[in-house]
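A.B. asks: Everything in the sequence shown is counted per the numbering used here, starting at 2 for the first residue and increasing by one. Quick one: structure below, then a few questions.
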Amino acid sequence: MGHSHSVPRVVRNDPDDDHVLACALAAQANLIVSGDRKHLLPLGSYQGIDIVTAAEALKRFAVV
Numbered sequence: 002m003g004h005s006h007s008v009p010r011v012v013r014n015d016p017d018d019d020h021v022l023a024c025a026l027a028a029q030a031n032l033i034v035s036g037d038r039k040h041l042l043p044l045g046s047y048q049g050i051d052i053v054t055a056a057e058a059l060k061r062f063a064v065v
């Protein structure tokens, strides 16, 4: 099995979002794409993983 990561409290008002962050960290993701303007997007990044909107992700991949 892969490495296990604990789920620290990062998003105080929405603990379910902490699982998204832990998953991205465990997967060694380069990017988190979210529409959560209330909790995730305001973080901007988490442990070096940028958190962006779908539109921003498309721009980064030059799809648009």
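Here a beta-carbon is modelled for each residue, glycine too, at the ideal position from N, C-alpha and C.
Which of helix, strand or coil does DSSP assign to Leu-41?
C.D. replies: Position 40 of the sequence shown, counted from the start, is the residue given in the question as residue 41. Assigned with DSSP and collapsed to three states, Leu-41 falls in coil, not helix or strand.
A.B. asks: Consult DSSP for Asp-19 and reduce its assignment to one of helix, strand or coil.
C.D. replies: Here the question's residue 19 lines up with position 18 in the sequence shown. It is helical.
A.B. asks: Beta-carbon within less than 7 Å of His-40's beta-carbon, same chain only, minus the 5 sequence neighbours each way: which residues are those?
C.D. replies: Against the sequence shown, residue 40 aligns to sequence position 39. Val-12, Asn-14, Asp-15, Asp-18.
A.B. asks: Closest Cβ-Cβ distance between Gly-36 and chain B: below 8 Å?
C.D. replies: Checking the listed chains, one finds no chain B in this structure; it contains a single protein chain.
A.B. asks: Assuming contact is defined by CB atoms lying nearer than 8 Å, are Val-21 and Ala-58 in contact in what I supplied?
C.D. replies: Numbered from its first residue, the sequence shown carries residue 21 at position 20. Numbered from its first residue, the sequence shown carries residue 58 at position 57. No.
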